[in-house]
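For the sequence shown, the numbering used here assigns the number 276 to the initial residue and increments by one for each residue that follows.
Here's the structure we're looking at; comments come further down.
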Amino acid sequence: MLAALLLLSSCAGEREITVPGTDATLPVLTEPTDGTAESTEETAPEPVTTESQAEETAAPTEEPTETAAPTEAPATEPPETEPAPTEAPTEAPTEETGPAATEDPDFFKSRVPDYSRPERWAWLGEGEDKPADLFFIGPTVLEDGLYLRLTDQENLGYFRTSLAQERGLYDSVCTLYAPYYRQMSVKVYTFPREEQAFWRDQAYRDVSAAFRYYLENLYTGKPLILAGFSQGAELALRLMQEFFDPDTAWGAALQDRLVAVYAIGAGLPETMVAEYPWMKPADSAWDTGVIIAYDCEQPGITGSVLLPAGSRSLSINPLTWSRSTEPADKSLNKGACFLSGGQIWMELPELCGCYIEPDRGALVVTGINYASFPTDSDVLPPGNLHEYDYQFFYRNLQENVRTRVDQFLGR
276 MLAALLLLSS CAGEREITVP GTDATLPVLT EPTDGTAEST EETAPEPVTT ESQAEETAAP
336 TEEPTETAAP TEAPATEPPE TEPAPTEAPT EAPTEETGPA ATEDPDFFKS RVPDYSRPER
396 WAWLGEGEDK PADLFFIGPT VLEDGLYLRL TDQENLGYFR TSLAQERGLY DSVCTLYAPY
456 YRQMSVKVYT FPREEQAFWR DQAYRDVSAA FRYYLENLYT GKPLILAGFS QGAELALRLM
516 QEFFDPDTAW GAALQDRLVA VYAIGAGLPE TMVAEYPWMK PADSAWDTGV IIAYDCEQPG
576 ITGSVLLPAG SRSLSINPLT WSRSTEPADK SLNKGACFLS GGQIWMELPE LCGCYIEPDR
636 GALVVTGINY ASFPTDSDVL PPGNLHEYDY QFFYRNLQEN VRTRVDQFLG R
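Rendered as C-alpha cells:
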C-alpha cells in the first residue's frame, strides 16, 4: 500500500520503502514525536478527525458513531503551495452563508467523513480486474441549501446517477473509486467569491481526506487516473496541487503512476500552471501525466464562473487532441452520446465540431442548432454548454482514456 509514503514512523530517523507497483525505493523522513500534534496549517494538510453524529442529525439512531481517523502527517512534508483553509465565519453564521445554527462552524475545519466506512463511497473498487484505477470526484447535484449532507438520501441518489452518466468513459480499463463528499450547492455559486470560499474549502477537505484514505488503504500501485466533472473537476485540480508535487518523495511516486487527469467542465488557468509547474496541460492524444481540461460554449460569450473574463485556460480540443485554435470538423466526432440513468438513449456520430477560442480558452462548439441545447442554469450565461461537455464528445473521450492507459502500459 502507499501508506508508507503518507504516514509518519513512530521513531526518528530515515528508512526506505518500496513504491507499490514499482521497483523504486524512496526515503521516508521521519520526525521525532512528543505526544502532541504539530500545528502545520500553512505547510501541510490539517489533522484529520472524523465526523460525529452531531453533524448527521438526520442519520438513523442506530447508525454507528464515526471513529477517529489517523492524525499522522505525511511521511514527507507536503508542498508549501496549498493555501490555508479559509476560516469559518467569525460572526454568527447566517442561514444564507454559514453553517446552520445547530452546527458548529469549527466542525467543518476539524472533522471530515470517516472514509473507512463503505457507505461513504459511491464507487468502492468496482471492476477489480482492470489495469488502472480511477479516482473520480462527482459534479454538483444539490440545487438549494448550502452543502450536500451525507444523510440526504434523495440527493445522494442524484449523485450516484450523475456518476453513472460518465462511468462508461472509464470502466472498460479502470477500477472505480468515487467518494461522497459535502459538496457546495449550485446556490453557493451565486454568492460573492469570498463567501464561496468557506464552502469550497469544506468540500475540498472531504475530497482530500477521501483521497488520502484511498492511498493509504486501497491503492495497490496500478496506473492512476484522476477525474471529475464541474465542481469535481475543480477539486481534482486541487488534489494535484496538494498531492503531486514531484519535489516530494510521495508526490514523485504519484506522478510516476499518473496516467492523466480528466478535469472536464473546468478551466486550467495559465496562472495555475505557472504556480504549480507539475500541472502539465495535455498536448496530444497519448501524452501521460497530463491534464485534459475544457468547457463548452457557443460563440460570443465573454466570461462565466468557469472561465472568467481576463483569465485564459490551457484547454485541449477533444476532436484533434491539440491545443491549437484551428477548427475541428464534425467529421472527427466519433459519437455524441446522450444518457439517462447511465444508459445511452441516443448516439449521434458527427454531431458537432469545435475550436478553442483564443482569448479565454473556451471550447466553442460548432455545427449544431444552439436552440436545441439551451443553458439550464441560473449561474451560467445563456449559450454556455457546460452540461454537454462530455456528452458532445463521448466516444472520443472514451477512446482517449483507453489510448492513454495503453500508452502508459507500453501496449
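Built from N, CA and C at the ideal position, the CB exists for glycine as well.
Fair warning: this is a prediction, and the values are worked out from it, not measured in the lab.
For residue i: DSSP bridge partner residues
i: Leu451; result: Glu401 and Leu409
i: Tyr630; result: Val639
i: Ile576; result: Partner(s): none; Ile576 has no beta bridge.
i: Ala659; result: Checking the displayed sequence, the identity of residue 659 turns out to be Asn instead of Ala. DSSP, once it has assigned bridges, lists Glu572 as partnering Asn659.
i: Ser588; result: Pro544
Extent of the continuous alpha helix (DSSP H) to which residue i belongs
i: Glu622; result: Unbroken run through Glu622 is the beta strand (DSSP E), Gln618 to Leu623; no alpha helix (DSSP H).
i: Ala485; result: Arg468 to Asn492
i: Ala528; result: Ala524 to Arg532
i: Tyr669; result: Tyr669 to Leu684
Residue span of the beta strand (DSSP E) that contains residue i, given as start and end
i: Leu501; result: Leu499 to Phe504
i: Gly443; result: Segment Gln428 to Tyr445 is the alpha helix (DSSP H) holding Gly443; no beta strand (DSSP E) there.
i: Tyr645; result: No beta strand (DSSP E) contains Tyr645, which DSSP labels as neither H nor E.
Helix, strand or coil at residue i [DSSP, three-state]
i: Ala538; result: strand
i: Thr595; result: coil
i: Met554; result: coil
i: Val463; result: helix
i: Ser615; result: strand
i: Ala367; result: Annotation note: pLDDT 31 at Ala367 (below 50); position unreliable, coordinate value reported separately. Coil.
i: Ala560; result: coil
i: Ala568; result: strand
i: Tyr390; result: coil
i: Ala603; result: strand
i: Tyr422; result: strand
i: Tyr665; result: coil
Expected contact under 8 Å - CB spacing of residue i and residue j to nearest Å
i: Leu438; j: Ala502; result: Actually they do not touch by this definition, with Cβ atoms about 11 Å apart.
i: Leu533; j: Gly496; result: About 12 Å; that fails the 8 Å criterion.
i: Thr450; j: Gly400; result: 6 Å
i: Asp664; j: Asp570; result: 6 Å
i: Ile631; j: Asn659; result: Contact doesn't hold; Cβ gap of about 16 Å is too wide.
i: Arg455; j: Leu431; result: A quick correction: the sequence has Tyr, not Arg, at residue 455. About 6 Å; that satisfies the 8 Å criterion.
i: Asp514; j: Ser588; result: For the sequence presented, residue 514 should be read as Leu rather than Asp. No, Leu514 and Ser588 are not in contact; Cβ-Cβ is about 18 Å, not under 8 Å.
Exposed unless 16 or more other CB atoms sit within 10 angstroms - verdict on residue i
i: Ala367; result: Any reading at Ala367 must be qualified, since the residue scores a pLDDT of 31, below 50, and its modelled position is unreliable; no value is offered.
i: Ala549; result: exposed
i: Arg475; result: buried
i: Arg679; result: buried
i: Pro649; result: exposed
i: Met459; result: buried
i: Thr415; result: buried
i: Asp389; result: buried
i: Ala584; result: exposed
i: Gly636; result: buried
i: Arg395; result: buried
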